[in-house]
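Q:
Residue numbers (mature numbering (1 follows the signal peptide of the UniProt record, and there is no 0)): -17 to -1, 1 to 327.
(1) Between which two residues does the beta strand (DSSP E) harbouring residue 40 extend?
(2) Excluding the five sequence neighbours on either side, which residues of its own chain have a C-beta within less than 6 Å of the C-beta of residue 219, listed in chain order?
(3) So what's residue 321 in DSSP terms, helix, strand or just coil?
(4) Applying the criterion that 16 or more other CB atoms from any shown protein chain within 10 Å of the CB defines a buried residue, is residue 37 buried or exposed?
(5) Would residue 291 and residue 77 be called neighbours here (beta carbons separated by less than 8 Å)?
(6) The alpha helix (DSSP H) spanning residue 21 covers which residue range?
(7) Helix, strand or coil for residue 178? Go by DSSP, reduced to three states.
(8) Go ahead and label residue 25 buried or exposed: buried means 16 or more other beta carbons lie within 10 angstroms of its beta carbon, across all protein chains shown.
(9) According to DSSP, simplified to helix, strand and coil, what is residue 235?
(10) Could you check what DSSP says for residue 389 in three-state terms: helix, strand or coil?
(11) Specify the secondary structure class of residue 262 as computed by DSSP and reduced to three states.
(12) Would you call residue 53 buried or exposed, if buried means 16 or more other Cβ atoms sit within 10 Å of its Cβ?
(13) Just to confirm before moving on: does the CB-CB distance between residue 295 and residue 279 stay below 8 Å?
(14) Using a threshold of 8 Å, state whether the C-beta atoms of residue 303 and residue 230 are closer than that.
(15) If you follow the alpha helix (DSSP H) that residue 47 is part of, which residue opens it and which one closes it?
(16) To the nearest angstrom, report how far apart residue 28 and residue 195 are at their CA atoms.
(17) What does the Cβ neighbour count give for residue 244, buried or exposed, with the cut at 16 atoms within 10 Å?
(18) By Cβ distance below 7 Å, which residues in the same chain neighbour residue 299 in space, the five residues on each side in sequence not counted?
(19) If distances are taken between C-alpha atoms only, which option among 187, 163, 201, 233 comes closest to residue 209?
(20) Of all the options 308, 66, 9, 73, which has the alpha carbon lying nearest to the alpha carbon of residue 58?
(21) From what residue to what residue does the beta strand (DSSP E) around residue 202 run?
Structure, rendered in structure tokens:
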């Protein structure tokens, strides 16, 4: 008799547990590391009663490979300009229903209709910025206005490069006076040799970890994205950011929906939410990156709103290039990066 009662209790508890499962709609969001105010995810979940599974990647290439491998269904991604161009050309993205993303009207016009998605069919702007050099004024007594300083032996073991083949190769190309979008194999080989020559001076190739290293004064110079520079300068006033005179990359990270989506409408709801000025401001304030939404900029604290790192004057970004997809020479890029990172 006791065994029958026990069995009934087990069945009842199992039924109750099943009934208590999370029945909310769910979306899987895949973003760069340390690139969102996570309280915003909770805000979205509470406001719309939608569950967000959030995970991160380190580079555009990592994200691309993960998506190509399949096995995981993502609903919203945050790739950069050149990667969006590649994903469109490979039919990896779905066209957006703008009726579900009315807040795109809040995006400043100059951030729309860019070459990688000229008709804004597949992507919505998220953040933008530049690539430059952050340096510790107490450790660097030279003028920082050229990529050349990253090859100065005076700063051996005090230089950090980005763990990103696209960005690090671009730095070497700009140092040499070439376009960061060159297809010239000779120029790319020269850039490879520059990076190999530089490697004995490099403290490390880093991603998100660069922030802690520079804030802690463990290195003198680092190649960084402008948004990370804003966050670092907030924590350590001895740091300063410079855009080299040879020119640099003007980048854009946008929100897209891959063909693996299982809930496109909810994904569009999430994108629309991220374009709301109050949400965009809260996000930009937290992560330090530059929002493309003017009404959000007005809501930011004065030090961020007036930051020339986050929101540089137009003349500061005249000598910049937007990355083009190097897929036709991607094997050359891969070989260069392998040769550089494996060099002892």
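Here a beta-carbon is modelled for each residue, glycine too, at the ideal position from N, C-alpha and C.
A: Reading off the structure:
(1) Residue mapping note: residue 40 aligns to position 57 of the chain shown, counting from 1. Per DSSP, residue 40 belongs to the beta strand (DSSP E) from 34 to 40.
(2) Here residue 219 corresponds to residue number 236 of the chain shown, with the count starting at 1. Closer than 6 Å at Cβ, skipping near neighbours: 198.
(3) Residue numbering aside, residue 321 sits at position 338 when the chain shown is read from its first letter. Three-state DSSP puts residue 321 in a helix.
(4) Walking along the chain shown from the start, residue 37 turns up at place 54. The residue in question, residue 37, is exposed, as its Cβ has fewer than 16 Cβ neighbours within 10 Å.
(5) By one-based count along the chain shown, residue 291 stands at place 308. By one-based count along the chain shown, residue 77 stands at place 94. No, the Cβ-Cβ distance between residue 291 and residue 77 is not below 8 Å.
(6) Numbered from its first residue, the chain shown carries residue 21 at position 38. That run of the alpha helix (DSSP H) goes 21 to 31.
(7) As a working mapping, residue 178 is identified with position 195 in the chain shown. Three-state DSSP puts residue 178 in a helix.
(8) The count along the chain shown starts at 1 and reaches residue 25 at position 42. It is exposed - the Cβ of residue 25 has fewer than 16 other Cβ atoms within 10 Å.
(9) As a working mapping, residue 235 is identified with position 252 in the chain shown. Reduced to three states, the DSSP call for residue 235 is strand.
(10) Because residue 389 is not part of the residues shown, which for the chain are -17 to 327, the question remains open.
(11) On the chain shown, residue 262 is found 279 positions in, with the first residue counted as 1. Here residue 262 sits in helix by DSSP.
(12) Locating residue 53 in the chain shown gives position 70, where the first residue counts as 1. Label assigned to residue 53: exposed.
(13) Residue 295 sits at position 312 when you count from the first residue of the chain shown. Residue 279 sits at position 296 when you count from the first residue of the chain shown. Result no, Cβ atoms of residue 295 and residue 279 do not sit closer than 8 Å.
(14) For the purposes of this step, residue 303 is identified with residue 320 of the chain shown, where counting begins at 1. For the purposes of this step, residue 230 is identified with residue 247 of the chain shown, where counting begins at 1. Yes. Within cutoff.
(15) Translated into the one-based positions of the chain shown, residue 47 becomes position 64. Run containing residue 47: 43 to 52, per the alpha helix (DSSP H) assignment.
(16) Start at 1 with the first residue of the chain shown, and residue 28 comes out as number 45. Start at 1 with the first residue of the chain shown, and residue 195 comes out as number 212. If I take the Cα positions, the gap works out to 30 Å.
(17) Working through the chain shown from its first residue, we reach residue 244 at position 261. Buried, by the Cβ-count rule.
(18) Along the chain shown, read from residue 1 onward, the residue named residue 299 stands at position 316. 226.
(19) Against the chain shown, residue 209 aligns to sequence position 226. Answer by Cα proximity: 233.
(20) Within the chain shown, the letter at position 75 stands for residue 58. Looking at the Cα atoms, 9 is the closest of the given residues.
(21) For this step, residue 202 is matched to residue 219 along the chain shown. Counting along the chain, residue 202 falls outside any beta strand (DSSP E), and DSSP gives it neither H nor E.
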